[in-house]
(Lines of atoms letter the chains of each structure in order from A; the text may use other names.)
(Lines give C-alpha, C1' and ligand atoms only; values in the text may rest on other atoms or scores of the structure.)
Protein backbone atom coordinates (compact mmCIF):
# COMPACT_ATOMS: atom_id res chain seq x y z
CA UNK A 30 0.00 0.00 0.00
CA UNK A 31 1.00 3.62 -0.50
CA UNK A 32 1.28 5.03 3.01
CA UNK A 33 2.80 8.48 2.53
CA UNK A 34 2.86 11.30 -0.04
CA UNK A 35 4.95 14.42 -0.46
CA UNK A 36 5.62 16.92 -3.22
CA UNK A 37 9.00 17.93 -4.60
CA UNK A 38 9.90 20.74 -4.33
CA UNK A 39 8.02 21.72 -1.15
CA UNK A 40 8.44 25.41 -2.10
CA UNK A 41 8.83 26.91 -5.57
CA UNK A 42 9.06 30.42 -6.99
CA UNK A 43 7.36 31.14 -10.28
CA UNK A 44 8.37 34.37 -12.00
CA UNK A 45 6.08 36.59 -14.03
CA UNK A 46 6.60 37.16 -17.73
CA UNK A 47 4.52 38.04 -20.80
CA UNK A 48 6.39 35.73 -23.17
CA UNK A 49 4.49 32.55 -24.13
CA UNK A 50 7.77 30.61 -23.94
CA UNK A 51 8.95 29.66 -20.43
CA UNK A 52 12.51 30.38 -19.34
CA UNK A 53 14.93 27.51 -19.87
CA UNK A 54 16.17 25.67 -16.83
CA UNK A 55 19.55 26.78 -15.48
CA UNK A 56 21.71 26.82 -12.40
CA UNK A 57 24.31 29.21 -11.10
CA UNK A 58 27.85 28.16 -11.95
CA UNK A 59 31.21 29.29 -10.66
CA UNK A 60 31.87 33.00 -10.41
CA UNK A 61 34.11 34.59 -13.04
CA UNK A 62 36.95 35.47 -10.68
CA UNK A 63 39.81 35.58 -13.20
CA UNK A 64 42.18 38.58 -12.84
CA UNK A 65 40.25 40.58 -15.42
CA UNK A 66 36.94 38.77 -15.03
CA UNK A 67 33.56 40.27 -14.26
CA UNK A 68 33.19 38.78 -10.78
CA UNK A 69 29.69 37.70 -11.77
CA UNK A 70 28.16 34.28 -11.35
CA UNK A 71 27.93 32.31 -14.57
CA UNK A 72 24.60 30.86 -15.69
CA UNK A 73 24.77 27.22 -16.79
CA UNK A 74 21.95 25.65 -18.90
CA UNK A 75 20.32 22.52 -17.52
CA UNK A 76 17.97 19.90 -19.02
CA UNK A 77 14.61 21.59 -19.66
CA UNK A 78 11.11 20.08 -19.87
CA UNK A 79 8.87 21.41 -22.65
CA UNK A 80 5.10 20.98 -22.20
CA UNK A 81 2.85 21.07 -25.28
CA UNK A 82 -0.77 22.23 -25.33
CA UNK A 83 -1.97 18.58 -25.40
CA UNK A 84 0.16 17.66 -22.37
CA UNK A 85 3.02 16.01 -24.27
CA UNK A 86 6.22 16.33 -22.26
CA UNK A 87 9.71 16.29 -23.79
CA UNK A 88 13.19 17.01 -22.52
CA UNK A 89 15.91 19.01 -24.27
CA UNK A 90 19.25 20.55 -23.39
CA UNK A 91 19.38 24.29 -24.21
CA UNK A 92 22.59 25.69 -25.66
CA UNK A 93 22.17 28.98 -23.81
CA UNK A 94 19.68 30.58 -21.47
CA UNK A 95 17.49 33.46 -22.67
CA UNK A 96 15.68 35.47 -20.03
CA UNK A 97 13.88 37.76 -22.50
CA UNK A 98 12.68 37.56 -26.09
CA UNK A 99 10.68 39.76 -28.45
CA UNK A 100 7.58 39.27 -26.26
CA UNK A 101 9.33 40.28 -23.02
CA UNK A 102 10.46 38.38 -19.96
CA UNK A 103 10.15 34.62 -20.18
CA UNK A 104 8.21 33.29 -17.18
CA UNK A 105 9.69 30.75 -14.79
CA UNK A 106 7.19 27.88 -14.64
CA UNK A 107 8.05 25.33 -11.94
CA UNK A 108 6.99 21.68 -11.99
CA UNK A 109 5.73 19.86 -8.90
CA UNK A 110 6.39 16.11 -8.69
CA UNK A 111 4.56 13.59 -6.50
CA UNK A 112 6.72 11.36 -4.31
CA UNK A 113 5.72 8.74 -1.81
CA UNK A 114 6.53 5.61 0.11
CA UNK A 115 4.86 2.23 -0.39
CA UNK A 116 5.25 -1.45 0.43
CA UNK A 117 5.07 -4.34 -2.04
CA UNK A 118 5.40 -7.93 -0.75
CA UNK A 119 7.11 -6.68 2.39
CA UNK A 120 9.56 -4.55 0.39
CA UNK A 121 9.36 -0.87 1.37
CA UNK A 122 10.19 1.63 -1.37
CA UNK A 123 10.30 5.40 -1.75
CA UNK A 124 10.53 7.63 -4.79
CA UNK A 125 8.48 9.46 -7.40
CA UNK A 126 5.03 8.09 -8.14
CA UNK A 127 4.40 6.77 -11.66
CA UNK A 128 1.52 5.09 -13.45
CA UNK A 129 3.32 1.80 -12.86
CA UNK A 130 3.40 2.38 -9.09
CA UNK A 131 -0.29 3.35 -9.08
CA UNK A 132 -1.19 0.22 -11.04
CA UNK A 133 0.40 -1.99 -8.37
CA UNK A 134 -2.37 -0.81 -6.02
CA UNK A 135 -5.23 -0.83 -8.49
CA UNK A 136 -5.08 2.91 -9.13
CA UNK A 137 -4.71 5.01 -12.25
CA UNK A 138 -4.08 8.65 -13.21
CA UNK A 139 -7.81 9.43 -12.85
CA UNK A 140 -7.51 8.63 -9.13
CA UNK A 141 -4.96 11.42 -8.66
CA UNK A 142 -6.52 14.75 -7.68
CA UNK A 143 -4.62 18.03 -7.89
CA UNK A 144 -5.86 21.23 -6.27
CA UNK A 145 -4.21 24.63 -6.63
CA UNK A 146 -5.43 27.53 -4.50
CA UNK A 147 -3.73 30.94 -4.76
CA UNK A 148 -4.51 34.47 -3.67
CA UNK A 149 -3.40 38.07 -4.09
CA UNK A 150 -4.05 39.72 -0.72
CA UNK A 151 -2.04 42.93 -1.14
CA UNK A 152 -5.12 45.17 -1.03
CA UNK A 153 -6.71 43.12 1.75
CA UNK A 154 -3.50 43.35 3.78
CA UNK A 155 -3.89 47.13 3.96
CA UNK A 156 -7.67 47.58 4.08
CA UNK A 157 -8.31 44.45 6.19
CA UNK A 158 -11.60 44.21 4.30
CA UNK A 159 -12.56 40.76 3.00
CA UNK A 160 -14.21 42.44 0.01
CA UNK A 161 -10.69 43.20 -1.26
CA UNK A 162 -9.50 39.59 -1.29
CA UNK A 163 -8.61 38.14 -4.71
CA UNK A 164 -8.50 34.34 -4.77
CA UNK A 165 -8.47 31.56 -7.34
CA UNK A 166 -8.85 27.81 -7.05
CA UNK A 167 -8.86 24.95 -9.53
CA UNK A 168 -9.12 21.15 -9.28
CA UNK A 169 -7.55 18.89 -11.92
CA UNK A 170 -7.68 15.10 -12.31
CA UNK A 171 -4.47 13.28 -13.10
CA UNK A 172 -5.80 12.23 -16.51
CA UNK A 173 -6.82 15.78 -17.49
CA UNK A 174 -3.97 17.25 -19.52
CA UNK A 175 -5.48 20.54 -20.66
CA UNK A 176 -4.34 23.91 -19.33
CA UNK A 177 -6.59 25.37 -16.61
CA UNK A 178 -6.60 29.07 -15.80
CA UNK A 179 -6.59 30.47 -12.29
CA UNK A 180 -9.29 33.15 -12.40
CA UNK A 181 -8.95 35.48 -9.42
CA UNK A 182 -12.24 36.73 -7.98
CA UNK A 183 -13.40 38.53 -4.86
CA UNK A 184 -16.14 37.23 -2.53
CA UNK A 185 -19.30 37.67 -4.59
CA UNK A 186 -21.52 37.93 -1.52
CA UNK A 187 -19.55 41.01 -0.45
CA UNK A 188 -21.01 44.49 -0.39
CA UNK A 189 -18.33 45.96 -2.66
CA UNK A 190 -16.08 43.20 -4.10
CA UNK A 191 -12.82 44.52 -5.55
CA UNK A 192 -13.21 42.19 -8.55
CA UNK A 193 -16.87 42.66 -9.51
CA UNK A 194 -19.25 39.93 -10.66
CA UNK A 195 -18.59 38.70 -14.18
CA UNK A 196 -14.92 39.75 -14.05
CA UNK A 197 -11.74 37.92 -13.06
CA UNK A 198 -8.08 38.73 -12.63
CA UNK A 199 -5.81 36.07 -14.27
CA UNK A 200 -3.39 34.65 -11.69
CA UNK A 201 -1.75 32.10 -13.98
CA UNK A 202 -2.59 28.54 -15.01
CA UNK A 203 -1.78 24.90 -14.27
CA UNK A 204 -1.39 21.82 -16.45
CA UNK A 205 -0.77 18.11 -15.80
CA UNK A 206 1.69 16.55 -18.30
CA UNK A 207 1.09 13.16 -19.90
CA UNK A 208 3.60 10.68 -18.41
CA UNK A 209 5.73 8.77 -20.91
CA UNK A 210 8.46 6.12 -20.86
CA UNK A 211 11.26 8.70 -20.66
CA UNK A 212 9.44 10.94 -18.12
CA UNK A 213 7.06 8.66 -16.18
CA UNK A 214 6.71 10.75 -13.01
CA UNK A 215 3.40 12.36 -12.02
CA UNK A 216 3.79 16.13 -12.32
CA UNK A 217 1.94 19.43 -12.46
CA UNK A 218 3.28 22.64 -13.96
CA UNK A 219 2.40 26.08 -12.60
CA UNK A 220 2.56 29.02 -15.02
CA UNK A 221 2.37 32.48 -13.37
CA UNK A 222 0.69 35.61 -14.67
CA UNK A 223 2.23 37.93 -17.24
CA UNK A 224 3.12 40.75 -14.88
CA UNK A 225 0.10 42.87 -15.79
CA UNK A 226 -1.46 45.63 -13.69
CA UNK A 227 -5.22 46.09 -13.32
CA UNK A 228 -7.14 49.16 -12.21
CA UNK A 229 -10.63 50.45 -11.42
CA UNK A 230 -13.10 51.02 -14.24
CA UNK A 231 -13.05 54.79 -13.69
CA UNK A 232 -9.25 55.18 -13.75
CA UNK A 233 -8.44 58.18 -16.00
CA UNK A 234 -6.95 57.04 -19.31
CA UNK A 235 -4.37 59.82 -19.50
CA UNK A 236 -3.38 60.13 -15.85
CA UNK A 237 -0.13 59.35 -14.09
CA UNK A 238 -0.98 55.66 -13.80
CA UNK A 239 -1.92 54.36 -17.22
CA UNK A 240 -3.67 51.02 -17.50
CA UNK A 241 -5.07 49.69 -20.82
CA UNK A 242 -8.83 49.80 -21.15
CA UNK A 243 -9.15 46.00 -21.16
CA UNK A 244 -7.46 45.87 -17.74
CA UNK A 245 -9.54 48.60 -16.10
CA UNK A 246 -11.95 46.07 -14.62
CA UNK A 247 -11.97 46.62 -10.83
CA UNK A 248 -14.83 48.00 -8.79
CA UNK A 249 -14.22 51.74 -8.19
CA UNK A 250 -16.47 51.58 -5.11
CA UNK A 251 -14.30 48.92 -3.40
CA UNK A 252 -12.51 50.15 -0.29
CA UNK A 253 -9.10 49.64 -1.92
CA UNK A 254 -9.92 52.26 -4.56
CA UNK A 255 -9.36 55.46 -2.60
CA UNK A 256 -8.06 53.79 0.57
CA UNK A 257 -6.16 56.28 2.74
CA UNK A 258 -3.12 54.91 4.55
CA UNK A 259 -2.91 56.18 8.14
CA UNK A 260 0.24 58.18 8.85
CA UNK A 261 1.27 55.84 11.65
CA UNK A 262 0.72 52.61 9.68
CA UNK A 263 3.94 50.55 9.85
CA UNK A 264 2.72 47.21 8.46
CA UNK A 265 4.71 47.64 5.25
CA UNK A 266 8.41 48.49 5.21
CA UNK A 267 9.26 50.64 3.44
CA UNK A 268 5.90 52.41 3.59
CA UNK A 269 4.00 53.41 0.51
CA UNK A 270 4.38 50.32 -1.64
CA UNK A 271 1.29 51.06 -3.72
CA UNK A 272 0.22 53.38 -6.51
CA UNK A 273 -0.93 56.68 -5.04
CA UNK A 274 1.37 56.46 -2.01
CA UNK A 275 2.74 59.92 -2.81
CA UNK A 276 -0.62 61.31 -1.68
CA UNK A 277 -1.22 58.43 0.80
CA UNK A 278 -4.37 57.47 -1.13
CA UNK A 279 -4.57 54.29 -3.22
CA UNK A 280 -5.66 54.69 -6.83
CA UNK A 281 -6.82 51.05 -6.77
CA UNK A 282 -4.17 49.26 -8.81
CA UNK A 283 -3.54 45.51 -8.38
CA UNK A 284 -0.97 43.28 -10.10
CA UNK A 285 -1.14 39.55 -10.86
CA UNK A 286 1.32 38.19 -8.30
CA UNK A 287 0.01 35.58 -5.90
CA UNK A 288 0.96 32.75 -3.57
CA UNK A 289 -0.77 29.67 -2.28
CA UNK A 290 -0.84 25.90 -2.05
CA UNK A 291 -0.44 23.08 -4.55
CA UNK A 292 -2.06 19.92 -3.16
CA UNK A 293 -2.36 16.34 -4.38
CA UNK A 294 -4.47 13.48 -3.03
CA UNK A 295 -5.18 9.79 -3.57
CA UNK A 296 -8.21 7.71 -2.57
CA UNK A 297 -8.15 6.79 1.10
CA UNK A 298 -7.27 10.24 2.40
CA UNK A 299 -3.59 10.46 1.47
CA UNK A 300 -2.68 14.09 0.76
CA UNK A 301 0.39 16.28 0.35
CA UNK A 302 0.94 19.95 -0.33
CA UNK A 303 3.62 22.39 -1.41
CA UNK A 304 3.81 26.17 -1.56
CA UNK A 305 3.93 28.25 -4.72
CA UNK A 306 4.90 31.93 -4.90
CA UNK A 307 4.53 34.01 -8.07
CA UNK A 308 6.84 37.02 -8.06
CA UNK A 309 8.60 39.47 -10.44
CA UNK A 310 11.40 38.38 -12.81
CA UNK A 311 15.01 38.20 -11.68
CA UNK A 312 16.27 41.44 -13.16
CA UNK A 313 19.89 40.54 -12.38
CA UNK A 314 20.04 36.74 -12.70
CA UNK A 315 23.84 36.71 -12.45
CA UNK A 316 23.82 38.42 -9.03
CA UNK A 317 22.83 36.46 -5.95
CA UNK A 318 21.73 38.06 -2.65
CA UNK A 319 23.96 37.43 0.35
CA UNK A 320 20.87 36.79 2.51
CA UNK A 321 18.59 34.49 0.53
CA UNK A 322 15.35 32.68 1.29
CA UNK A 323 17.46 29.56 1.86
CA UNK A 324 19.56 31.46 4.42
CA UNK A 325 16.41 32.56 6.23
CA UNK A 326 15.04 29.02 6.36
CA UNK A 327 18.40 27.59 7.48
CA UNK A 328 18.51 30.19 10.25
CA UNK A 329 15.20 28.88 11.56
CA UNK A 330 15.89 25.15 11.47
CA UNK A 331 19.70 24.79 11.44
CA UNK A 332 20.95 27.74 13.44
CA UNK A 333 22.50 25.63 16.18
CA UNK A 334 24.67 23.42 13.96
CA UNK A 335 27.29 26.15 13.39
CA UNK A 336 27.87 26.32 17.15
CA UNK A 337 28.94 22.70 17.46
CA UNK A 338 32.60 21.61 17.40
CA UNK A 339 31.73 18.84 14.93
CA UNK A 340 30.40 21.28 12.36
CA UNK A 341 33.39 23.61 12.63
CA UNK A 342 35.77 20.64 12.44
CA UNK A 343 34.64 20.09 8.85
CA UNK A 344 37.00 22.75 7.49
CA UNK A 345 36.20 22.02 3.85
CA UNK A 346 32.46 22.54 4.34
CA UNK A 347 32.73 25.67 6.49
CA UNK A 348 35.32 27.20 4.16
CA UNK A 349 33.03 26.63 1.18
CA UNK A 350 30.18 28.35 3.04
CA UNK A 351 32.33 31.35 3.88
CA UNK A 352 33.65 31.60 0.32
CA UNK A 353 30.10 31.42 -1.05
CA UNK A 354 29.01 34.18 1.36
CA UNK A 355 31.77 36.55 0.22
CA UNK A 356 31.11 35.79 -3.44
CA UNK A 357 27.45 36.70 -2.95
CA UNK A 358 28.43 39.87 -1.07
CA UNK A 359 30.53 40.87 -4.09
CA UNK A 360 27.64 40.18 -6.45
CA UNK A 361 25.23 42.23 -4.31
CA UNK A 362 27.68 45.14 -4.14
CA UNK A 363 27.86 45.09 -7.93
CA UNK A 364 24.08 45.29 -8.20
CA UNK A 365 23.59 48.45 -6.13
CA UNK A 366 24.34 52.11 -6.79
CA UNK A 367 25.95 52.71 -3.40
CA UNK A 368 26.53 56.39 -4.08
CA UNK A 369 22.80 57.05 -4.46
CA UNK A 370 21.95 54.80 -1.51
CA UNK A 371 24.47 56.65 0.62
CA UNK A 372 22.88 59.97 -0.30
CA UNK A 373 19.68 58.60 1.30
CA UNK A 374 21.11 56.98 4.44
CA UNK A 375 24.46 58.75 4.80
CA UNK A 376 26.13 55.88 6.67
CA UNK A 377 29.48 56.18 4.87
CA UNK A 378 31.71 59.20 4.31
CA UNK A 379 31.81 60.45 0.74
CA UNK A 380 35.01 59.13 -0.90
CA UNK A 381 37.59 61.29 -2.61
CA UNK A 382 37.01 61.57 -6.35
CA UNK A 383 38.65 58.97 -8.56
CA UNK A 384 39.81 60.16 -11.97
CA UNK A 385 37.30 59.11 -14.61
CA UNK A 386 35.02 57.37 -12.11
CA UNK A 387 31.52 58.77 -11.69
CA UNK A 388 30.41 56.50 -8.82
CA UNK A 389 33.39 56.50 -6.47
CA UNK A 390 31.80 54.63 -3.55
CA UNK A 391 30.36 51.94 -5.81
CA UNK A 392 33.74 51.48 -7.52
CA UNK A 393 35.64 51.27 -4.23
CA UNK A 394 33.17 48.74 -2.81
CA UNK A 395 33.57 46.52 -5.86
CA UNK A 396 37.35 46.64 -5.64
CA UNK A 397 37.40 45.89 -1.92
CA UNK A 398 34.93 43.02 -2.01
CA UNK A 399 36.68 41.56 -5.02
CA UNK A 400 39.73 41.09 -2.81
CA UNK A 401 37.63 39.26 -0.23
CA UNK A 402 36.64 36.46 -2.62
CA UNK A 403 40.32 35.48 -2.51
CA UNK A 404 39.73 33.67 0.77
CA UNK A 405 43.41 33.57 1.72
CA UNK A 406 43.31 37.36 1.97
CA UNK A 407 40.27 37.21 4.28
CA UNK A 408 41.92 34.55 6.43
CA UNK A 409 45.01 36.70 6.94
CA UNK A 410 42.87 39.74 7.72
CA UNK A 411 40.91 37.95 10.45
CA UNK A 412 44.05 36.37 11.94
CA UNK A 413 45.75 39.76 12.20
CA UNK A 414 42.71 41.63 13.56
CA UNK A 415 40.77 39.41 16.01
CA UNK A 416 38.10 42.04 16.74
CA UNK A 417 37.47 43.03 13.14
CA UNK A 418 34.24 41.10 12.58
CA UNK A 419 32.45 42.59 15.56
CA UNK A 420 33.79 46.05 14.68
CA UNK A 421 32.75 46.22 11.03
CA UNK A 422 29.86 43.73 10.60
CA UNK A 423 26.41 44.49 11.98
CA UNK A 424 25.36 41.85 14.50
CA UNK A 425 21.80 40.46 14.38
CA UNK A 426 19.92 41.47 17.53
CA UNK A 427 16.39 40.97 18.80
CA UNK A 428 15.58 44.68 18.48
CA UNK A 429 17.38 46.09 15.41
CA UNK A 430 15.94 49.57 16.02
CA UNK A 431 18.24 49.96 19.02
CA UNK A 432 21.39 48.60 17.37
CA UNK A 433 22.75 51.81 15.94
CA UNK A 434 20.62 51.84 12.79
CA UNK A 435 22.31 52.86 9.57
CA UNK A 436 25.93 53.19 10.61
CA UNK A 437 29.26 52.27 9.02
CA UNK A 438 28.95 48.59 9.86
CA UNK A 439 28.47 46.17 6.99
CA UNK A 440 26.17 45.93 5.15
CA UNK A 441 25.71 49.71 4.99
CA UNK A 442 22.88 51.66 3.39
CA UNK A 443 20.61 48.62 2.97
CA UNK A 444 17.15 48.11 4.45
CA UNK A 445 15.82 44.82 5.78
CA UNK A 446 12.25 43.57 5.43
CA UNK A 447 11.45 44.99 8.89
CA UNK A 448 12.47 48.50 7.84
CA UNK A 449 15.63 48.46 9.95
CA UNK A 450 19.23 48.24 8.79
CA UNK A 451 19.93 44.96 6.98
CA UNK A 452 22.15 42.34 8.62
CA UNK A 453 23.29 38.77 8.11
CA UNK A 454 21.21 36.00 9.62
CA UNK A 455 22.22 34.87 13.08
CA UNK A 456 23.44 31.59 11.60
CA UNK A 457 25.62 33.36 9.02
CA UNK A 458 27.06 35.73 11.63
CA UNK A 459 27.81 32.99 14.17
CA UNK A 460 29.47 30.84 11.52
CA UNK A 461 31.67 33.74 10.43
CA UNK A 462 32.71 34.56 14.01
CA UNK A 463 33.48 30.95 14.90
CA UNK A 464 35.27 30.27 11.61
CA UNK A 465 37.52 33.30 12.21
CA UNK A 466 38.21 32.18 15.79
CA UNK A 467 39.23 28.74 14.51
CA UNK A 468 41.68 30.40 12.12
CA UNK A 469 43.42 32.14 15.02
CA UNK A 470 43.58 28.93 17.02
CA UNK A 471 45.56 27.35 14.20
CA UNK A 472 47.98 30.26 13.95
CA UNK A 473 51.56 29.65 14.99
CA UNK A 474 52.48 31.52 18.17
CA UNK A 475 54.29 34.81 17.58
CA UNK A 476 53.27 35.14 13.93
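Numbering (the numbering used here), first residue to last: 30 to 476.
Using N, Cα and C, we set each Cβ at its ideal position, and we do this for glycine too.
Given the structure is predicted, the values throughout are model-derived calculations rather than measurements.
Asked: Backbone CA spacing between residue 229 and residue 254 [nearest angstrom]; Found: 7 Å
Asked: Contact the region 156-172 vs the region 300-307: 3+ CB pairs below 8 Å; Found: no
Asked: Which residues DSSP lists as bridging residue 33, in chain order; Found: 114
Asked: Collapsed DSSP secondary structure at residue 74 in the structure displayed; Found: strand
Asked: Own chain residues within Cβ distance below 6 Å of residue 35, not counting five before or after; Found: 112, 301
Asked: Reference residue 215, options 74, 172, 30, 345, closest by Cα; Found: 172
Asked: Short Cβ contact (8 Å threshold) for residue 137 with residue 131; Found: yes
Asked: Selection from 236, 355, 321 that minimises the alpha carbon distance to residue 407; Found: 355
Asked: Meets three-Cβ-pair contact criterion under 8 Å: the region 388-401 and the region 357-364; Found: yes
Asked: Inter-residue Cα distance where the pair is residue 289 and residue 339; Found: 38 Å
Asked: Burial state of residue 238, where buried means 16 or more other Cβ atoms lie within 10 Å; Found: exposed
Asked: Option in 295, 122, 226, 126 with minimal Cα separation from residue 309; Found: 226
Asked: Chain-order list of residues whose beta-carbon lies under 6 Å from that of residue 439 (same chain, five-residue window excluded); Found: 421, 422
Asked: At least three beta-carbon pairs within less than 8 Å, the region 191-210 to the region 84-102; Found: yes
Asked: Buried/exposed call for residue 154, threshold 16 Cβ in 10 Å; Found: exposed
Asked: Option in 40, 58, 233 with minimal Cα separation from residue 314; Found: 58
Asked: Where the beta strand (DSSP E) containing residue 299 begins and where it ends; Found: 299-308
Asked: Assumed close pair residue 146, residue 170 - CB separation to whole angstroms, cut-off 8 Å; Found: The Cβ separation is near 16 Å, so there is no contact.
Asked: Strand pairing of residue 214, partner residues [DSSP]; Found: 127
Asked: Contiguous beta strand (DSSP E) assignments of at least 3 residues, all confined to the region 215-251; Found: 216-220, 226-229, 245-247
Asked: Extent of the continuous alpha helix (DSSP H) run through residue 330; Found: 322-330
Asked: First and last residue of the uninterrupted beta strand (DSSP E) at residue 199; Found: 198-204
Asked: Cβ separation of residue 42 and residue 306, assumed to be a contact under 8 Å, to the nearest whole Å; Found: 5 Å
Asked: Residue 248 vs residue 190 beta-carbon contact at 8 Å; Found: yes
Asked: Counted within 10 angstroms of its Cβ, other Cβ atoms place residue 371 as buried (16 or more) or exposed; Found: buried
Asked: Collapsed DSSP secondary structure at residue 171 in the structure displayed; Found: coil
Asked: Span of the beta strand (DSSP E) around residue 86; Found: 86-89
Asked: Among 264, 74, 71, 106, the one whose alpha carbon lies nearest that of residue 38; Found: 106
Asked: Residue 316 burial status per 10 Å Cβ neighbour count (16 or more: buried); Found: buried
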